[in-house]
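**Q** I have a structure I would like to understand better, so I am pasting it below and will then ask my questions one at a time.
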Amino acid sequence: MQRILVTGGAGYIGSHTCLRLLEEGYDVLVVDNFCNSKSESLERVKQITGRSLTFYEVNICDRNAMQKIFEAHDIDAVIHFAGLKAVGESVQKPMEYYYNNVYGTLVLCEEMAKAGVKNIVFSSSATVYGLSDDVPFAEDAPTSATNPYGRTKLFIENILSDLKIADKDWSITLLRYFNPVGAHKSGLIGEDPNGIPNNLMPYISQVAVGRLEKLQVLGDDYPTTDGTGVRDYIHVMDLAEGHVKALQGPKIENGPAIYNLGTGKGNSVLEVVKAFENENGIEIPYQIIARRAGDVASSYADPSKAEKHLKWKAKLNLQDMVRDAWNWQKKNPEGYA
Ligand code: NAD
Ligand code: WQD
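The numbering used here applies: residue 8 is where the sequence shown begins, and numbers increase by one.
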């Protein structure tokens, strides 16, 4: 069976993807420096799957350590999640974001090439569609960035595209995720952000569990059905499945393969709140406050390309997402701590 190196595999999306890879019979190696995760997530992945995985507490920017890993194992492909992802923090600490995300990817790809491993699946983001409101977004829509985090994604997409032009032996897949939420149905793994969550679903879950008092709805004057922001929420297990499909996807000759991973359906903030309340029988107190700088009114995917070429389609709906998010949070009120 193929052996996959997963960078950032202890994180939220990485841990769910490792689980699906192990279930599919792949051998899995994880490289993570645990700067935004805990090794407990990987222990639980082992517990759920009954399979083992190898992990290295290594920073992907550490060239020597990365070289040793590629020398020690016969690796077939890399799924590259490792990166910093907080938009606001990236504005405060741009150099940290460029170093970690962009330089880290350069080191990774150079060490891959030296080892003759030329197959990478990269975590990009719907953030590359910038401030456009021309929804749904197809993969050929114009791209731009509005903050350093988004720019790291755009730079890395461009770097990997250039790598493919220079050396056709590479297989490069750029997956643009929309808004990943939810958790594995066991409730043993899930999203465990540090500090006060930036994102909607973990915020709602922490209000539900009593860690936060109420949700702040960031603006109700957008040109949407109820005035609140509309996003394409996608269940993290559907996303994980998308990575398995990407590994098995068709090889593209001229350029990277780029796919949106979204459901194609947008939901407003208040629809998510209502779905959480109805599905879980818990009231979520909220207050409307001003818009957050840099937020767009609506963002959702045209996911038809992934369906056509990867035979992948999101199967889980908003009810599944809010149920599984809550199942994880109520079983782990303090996350992995
Ligand atoms: P996460 O923070 O939970 O996972 C990222 C993991 O990478 C963490 O375990 C962290 O410790 C590790 N990491 C970071 N820098 C590292 C380094 N230099 N060396 C080794 N490990 C390092 O985030 P996530 O939500 O699972 O996101 C995974 C990827 O998907 C990220 O690249 C993120 O930008 C991208 N993405 C996330 C979202 C989202 O909303 N969650 C949306 C689009 C794209
Ligand atoms: C969703 C909706 C908010 C928090 C971010 C990144 C993006 C990508 C996914 C990585 C919006 C509203 C939120 C709150 C609220 N990540 N909201 N109260 O902004 O679509 O995307 O995560 O690539 O790059 O920017 O996700 O979950 O923060 O917000 O009302 O406390 O919820 O205004 O309409 P976003 P989000």
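Glycine included, C-beta positions come from ideal geometry on N, C-alpha and C.
For S48, which residues from the same chain have a beta carbon less than 7 Å from its beta carbon, with the 5 sequence-adjacent residues on both sides left out?
**A** Excluding positions up to five away in sequence, the list reads A17, S22, I196 and Y343.
**Q** Determine whether the beta carbon atoms of L170 and S131 lie at a separation below 8 Å.
**A** Against a cut-off of 8 Å, the Cβ pair of S131 and L170 comes out as no contact.
**Q** Where do the ends of the alpha helix (DSSP H) carrying P155 lie?
**A** Element bounds for P155: P155 to A173.
**Q** Hey, G249 and W319: beta-carbon distance below 8 Å or not?
**A** The answer is yes: Cβ separation under 8 Å.
**Q** Nearer than 7 Å: is that true of the beta carbon of S311 relative to any heavy atom of the ligand WQD?
**A** No, the beta carbon of S311 sits no closer than 7 Å to any heavy atom of the ligand WQD.
**Q** What residue ranges within the region 84-111 form continuous alpha helix (DSSP H) runs of no fewer than 4 residues, ordered along the chain?
**A** The qualifying runs are 94-99 and 101-104.
**Q** In chain order, which continuous runs of the beta strand (DSSP E) of length 3 or greater are located wholly inside the region 214-295?
**A** Whole beta strand (DSSP E) segments, 3+ residues: 222-225, 240-242 and 264-268.
**Q** Report yes if the C-beta distance between F88 and G194 is below 8 Å; otherwise report no.
**A** Contact flag unset, no.
**Q** When you compare the CB positions of P187 and L113, do they come within less than 8 Å of one another, or not?
**A** No, the pair does not count as a contact, with Cβ atoms beyond the cut-off.
**Q** Where does P263 land, buried or exposed, given buried means 16+ other C-beta within 10 angstroms?
**A** Its Cβ being crowded by 16 or more others within 10 Å, P263 is buried.
**Q** Between which two residues does the alpha helix (DSSP H) containing F77 stretch?
**A** Start and end: R70 to A79.
**Q** Say the cut is 7 Å; is the CB of N205 nearer than that to a heavy atom of the ligand WQD?
**A** For the ligand WQD, at least one heavy atom lies less than 7 Å from the Cβ of N205.
**Q** Would you give the residue range spanned by the beta strand (DSSP E) that T180 belongs to?
**A** Taken as a continuous stretch (DSSP letters only), the beta strand (DSSP E) holding T180 covers S178 to Y184.
**Q** So within the region 31-72, which uninterrupted beta strand (DSSP E) runs reach at least 3 residues, ignoring any that extend past its ends?
**A** Taking only runs of at least 3 residues, the beta strand (DSSP E) segments lying wholly in the region 31-72 are 34-39 and 61-64.
**Q** So does D39 have its beta carbon nearer than 7 Å to some heavy atom of the ligand GTP?
**A** You won't find the ligand GTP in this model; what it holds is the ligand NAD and the ligand WQD.
**Q** Is it the case that the Cβ atoms of G256 and A308 are separated by a distance below 8 Å?
**A** For G256 and A308, no; Cβs fall outside 8 Å.
**Q** Does at least one heavy atom of the ligand WQD sit under 7 Å from the Cβ of V216?
**A** No, Cβ of V216 sits at least 7 Å from all heavy atoms of the ligand WQD.
**Q** Is R58 near the ligand WQD, going by C-beta to nearest heavy atom under 7 Å?
**A** No - the ligand WQD has no heavy atom lying nearer than 7 Å to the Cβ of R58.
**Q** Mind reading off the beta-carbon distance from P310 to N274? Whole number of angstroms is fine, and I expect it under 8 Å.
**A** Contact doesn't hold; Cβ gap of about 15 Å is too wide.
**Q** At a cut of 8 Å, does the region 114-122 reach the region 135-149 through at least three beta carbon pairs?
**A** As far as the Cβ criterion goes, the region 114-122 does not touch the region 135-149, which means the pair count is below three.
**Q** Starting from the Cα of S305, find the closest Cα among V85, R238 and K100 and give me that residue.
**A** Comparing Cα positions, the closest option is R238.
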